[in-house]
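**Q** Using our numbering, the first residue of the sequence shown is number 25, and each one after it goes up by one. All C-beta atoms in this analysis are idealised placements derived from N, C-alpha and C, irrespective of residue type, glycine included. For reference, the structure I am asking about is given below.
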Amino acid sequence: MSNVWNQTRRMKRFVVGPMTTLEYYGWWSKRVNDNIPGPNLEGIRSMEEYLQVVPSEIEIIKQKILKRKIQS
Numbered sequence: 025m026s027n028v029w030n031q032t033r034r035m036k037r038f039v040v041g042p043m044t045t046l047e048y049y050g051w052w053s054k055r056v057n058d059n060i061p062g063p064n065l066e067g068i069r070s071m072e073e074y075l076q077v078v079p080s081e082i083e084i085i086k087q088k089i090l091k092r093k094i095q096s
């Protein structure tokens, strides 16, 4: 039983060992937090515009029918 335990420990140690490559170490050493791009401010809407309720197709049809009834 202890022989099986030792074999599984060796296998786990082998699998859990360093899984990174030299390229990854190179990338990690060159990484700088300042390279993270900031948010794009072009398409930003105000909170009121963002939370505005968009009417459904049925509501739009109902509004058109009411306008026609009022006009006639």
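(1) Using three-state DSSP, classify Ile68 as helix, strand or coil.
(2) Give me the Cα-Cα distance between Glu72 and Lys93, rounded to the nearest whole angstrom.
(3) Give the straight-line distance between the Cα atoms of Glu66 and Pro79, rounded to the nearest whole angstrom.
(4) Helix or strand or just coil, what does DSSP make of Leu75?
**A** Taking the definition as stated:
(1) Locating residue 68 in the sequence shown gives position 44, where the first residue counts as 1. Looking at Ile68 - three-state DSSP - the assignment turns out to be coil, as it is neither helix nor strand.
(2) The residue you call residue 72 lines up with position 48 of the sequence shown. The residue you call residue 93 lines up with position 69 of the sequence shown. Cα to Cα, the separation comes out at about 32 Å.
(3) Position 42 of the sequence shown, counted from the first residue, corresponds to residue 66. Position 55 of the sequence shown, counted from the first residue, corresponds to residue 79. Whole-angstrom Cα-Cα distance: 26 Å.
(4) By one-based count along the sequence shown, residue 75 stands at place 51. Three-state result, Leu75: coil.
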